[in-house]
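Chemist: I am attaching a structure below and will ask some questions about it afterwards.
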Amino acid sequence: MSGSKDLQPPPRRPLFNEILGADFERLPSTVKQFHTIGQRHHWSGEAEVRRGGSLIAALVCRVFGFPPTATRIPVTVKIEENGSVETWHRRFGQRIFVSTLTVKGVPGSGVLRERFGAFSFDIELSLKGRELCFPVIRARFLGIPLPGWLLPTSDTRETEEDGHFIFDVALSLLMVGPLVHYSGWLQPISATTQS
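Mapping to the working numbering: the sequence shown position 50 is 55, numbers consecutive.
What follows is the structure, given as structure tokens:
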């Protein structure tokens, strides 16, 4: 008998806490709740979706699974945590699109990596007032860096309003224009924490 206690590692901090460091505590309470998940949780609400009008925008939306243009469409977001990876399942009406999120670089770097299939995007999270902003700073396809003219512009923000989690995601490409813009609100419908 060694006489030493079984030491368990300290619990992991939520992914966005790892990425944002001290700024995580400055998030509006509903945004902080949304990004503090334990093992998995579900949120629901409504959104408005507008797609860009070009054929290229339609193709990009199809490849990534973005929802069609709609008003007051029901939305559910299910987030599952597996170690240092979060998997986000977003359902807009009958359309589902999925991505995985991880820390890019060292904890506290402010950089998130989001993967949609063969595409990955590095996003430099920043807190501006009461809004968490998500500008894309790098993109890759099959691990190969994409040139700047193929880098999507992301005007994406999360905040809180009247106790609801508010999201506003506008994506565009330099030579194409708007791809998709979806915005709306969410509230928790269930939560399961790791025991």
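Even glycine gets a Cβ: it sits at the ideal position worked out from N, Cα and C.
Leaving out five residues before and five after alanine 196 in sequence, what residues of the same chain have Cβ atoms less than 6 Å from its Cβ?
Modeler: Confidence is the limiting factor: at alanine 196 the pLDDT is only 47, short of 50, which leaves the residue's position unreliable, though a coordinate-based value still follows. For alanine 196, where only same-chain residues beyond five positions count, the Cβ hits under 6 Å are His46.
Chemist: Using the Cβ count rule (16 or more neighbours within 10 Å means buried), how would you classify glutamine 192?
Modeler: So glutamine 192 counts as exposed.
Chemist: Using CA coordinates, which residue listed in Phe71, Phe139 and Ala144 is at the minimum distance from alanine 123?
Modeler: When only C-alpha atoms are compared, the closest one is Ala144.
Chemist: Take valine 108 as the anchor and find which of Glu129, Phe102 and His94 has the nearest alpha-carbon.
Modeler: When only C-alpha atoms are compared, the closest one is Glu129.
Chemist: What residue from Phe21, Ile171, Val141 and Arg120 has the CA that sits closest to valine 68's CA?
Modeler: Of the listed residues, the one whose Cα sits closest to valine 68 is Arg120.
Chemist: Taking the beta carbon of alanine 27 as the centre, do at least 16 other beta carbons fall within 10 Å, making it buried, or is it exposed?
Modeler: Alanine 27 comes out exposed.
Chemist: Is phenylalanine 69 helix, strand or coil when you go by DSSP?
Modeler: Of the three classes helix, strand and coil, the one that applies to phenylalanine 69 here is helix, per DSSP.
Chemist: Just the C-alpha distance for threonine 92 and threonine 81, rounded to the nearest angstrom, thanks.
Modeler: Their backbone Cα atoms lie some 14 Å apart in a straight line.
Chemist: Which residues does DSSP list as the beta-bridge partners of glycine 182?
Modeler: BP columns for glycine 182 point to Leu178.
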